[in-house]
Each structure stands twice: as structure tokens, then as C-alpha cells.
Amino acid sequence: MSLQELIIPNQKNYTFEEKVDLLDASLWGQELKWEEVKYMAKYFDVYNIQPDTEILKEGDRSQPYIGLIMKGTVDVVKKDINGENKKLTRIGKNRTFGEMSVIDDLPSSASIITASQVILMALEKNSFRYLVKDKPSYGNKFLFQLLKLMSARLRQTSGKLIDL
Numbered sequence: 002m003s004l005q006e007l008i009i010p011n012q013k014n015y016t017f018e019e020k021v022d023l024l025d026a027s028l029w030g031q032e033l034k035w036e037e038v039k040y041m042a043k044y045f046d047v048y049n050i051q052p053d054t055e056i057l058k059e060g061d062r063s064q065p066y067i068g069l070i071m072k073g074t075v076d077v078v079k080k081d082i083n084g085e086n087k088k089l090t091r092i093g094k095n096r097t098f099g100e101m102s103v104i105d106d107l108p109s110s111a112s113i114i115t116a117s118q119v120i121l122m123a124l125e126k127n128s129f130r131y132l133v134k135d136k137p138s139y140g141n142k143f144l145f146q147l148l149k150l151m152s153a154r155l156r157q158t159s160g161k162l163i164d165l
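Per this note's numbering, the very first residue in the sequence shown carries number 2; after that it's consecutive.
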């Protein structure tokens with residue numbers, strides 16, 4: 002399913018200024034200078050998504066993107082050995098998902114299902130790559146933030162494994 006298919010009918014179209022404000026208000030925006038926020042915002046699309054919608058499917062590689070949750074919550078779900086969905090965690094505002102597939106070109110490692118109405122800022126793989134190529138200093142800053150995020154998640158997972 003493409004991101005375009007997830008849009009709520011008759012939803013509001015976000016202006017560039019509104020996208021800048023959304024990104025600036027996020028935790029990601031706090032790490033960026035104003036000119037960086039304005040530049041990066043043009044690469045993001047904003048989607049309003051209904052509850053109980055699978056917005057990323059485990060094993061899918063059709064349209065990788067980095068999702069930044071601006072409002073609402075999503076469940077991170079993975080299939081167990083029997084093919085049953087198991088919720089790994091619930092994440093909300095200012096959290097991201099989808100980074101790994103954008104970076105390594107491998108299929109999604111988990112599914113993402115909206116637990117409530119969600120406003121999502123999405124940065125598709127091609128836009129991400131253009132950002133890195135077009136403005137390397139901004140792209141590198143964004144990549145560094147992704148690395149910090151992924152490192153924190155790996156540490157968290159390692160901590161959970163030790164408790165098993």
C-alpha cells in the first residue's frame with residue numbers, strides 16, 4: 002500500500018509553512034537550525050491516517066520511508082514463528098520508524114499499525130537520498146541524528162535481551 006492510499010479523503014493539504022512549523026515543533030527540529038528546518042521540510046509529506054491502518058508492512062520493500070509521528074500513536078508489530086502478529090511496542094509523538102529500510106534497502110523488519118488517528122510526516126527514500134546529495138551538510142546532520150536514534154534503540158534492545 003502506498004502512502005497516497007492512506008490519506009483520509011478530503012483531508013487538509015499542508016502548506017510549506019505548516020510543514021516547517023510541524024518539523025520545527027518536533028524533537029528533530031530542536032536539533033536543527035532554522036534554515037535547516039526550512040530546507041528539510043520541503044522533502045517531507047504530511048499524512049492524516051485513520052486508526053487501525055497498517056502503514057508499513059513487515060517484509061515490504063515497495064516504498065521505504067522514514068515516518069515521524071506528529072500526533073497519535075502506532076504499534077510496532079512483528080510476526081512470530083507461527084505467523085501471528087505480536088506487538089513489540091507502541092510509539093507516539095516525535096518518534097520515528099522506517100529508518101533501517103531507507104538506509105539498507107532491505108524489506109521492513111516490522112509492521113506499523115496506527116493505534117489512533119495519526120498525523121505523520123514522511124520522508125521517502127528518494128527524497129532522503131536527494132537531500133543528502135543536494136545539501137551534504139544538512140544530510141549528514143540528519144544522518145547523524147538517525148545514527149544516534151538507532152544506537153539508542155540497539156542499547157535498549159540489548160538491555161531487554163539481558164533480562165530474558
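Glycine residues also receive a C-beta, built at the ideal position from the N, C-alpha and C atoms.
Item, Value
"Opposing strand residues paired with residue 81 [DSSP bridges]", "DSSP, once it has assigned bridges, lists no residue as partnering residue 81."
"Sub-9 angstroms separation of residue 76 and residue 123 beta-carbons", "no"
"Cβ pair residue 59, residue 79 closer than 9 angstroms", "yes"
"Limits of the unbroken alpha helix (DSSP H) element including residue 1", "A question about residue 1 goes unanswered here, because the residues of the chain that appear run from 2 up to 165."
"Cα-Cα separation, residue 149 to residue 83", "33 angstroms"
"Coarse secondary structure for residue 160, derived from DSSP in three states", "helix"
"Span separating the alpha-carbon of residue 163 from that of residue 156", "11 angstroms"
"Integer-rounded CB distance, given that residue 69 should sit under 8 angstroms from residue 27", "6 angstroms"
"Inter-residue spacing [alpha-carbon to alpha-carbon] between residue 96 and residue 132", "21 angstroms"
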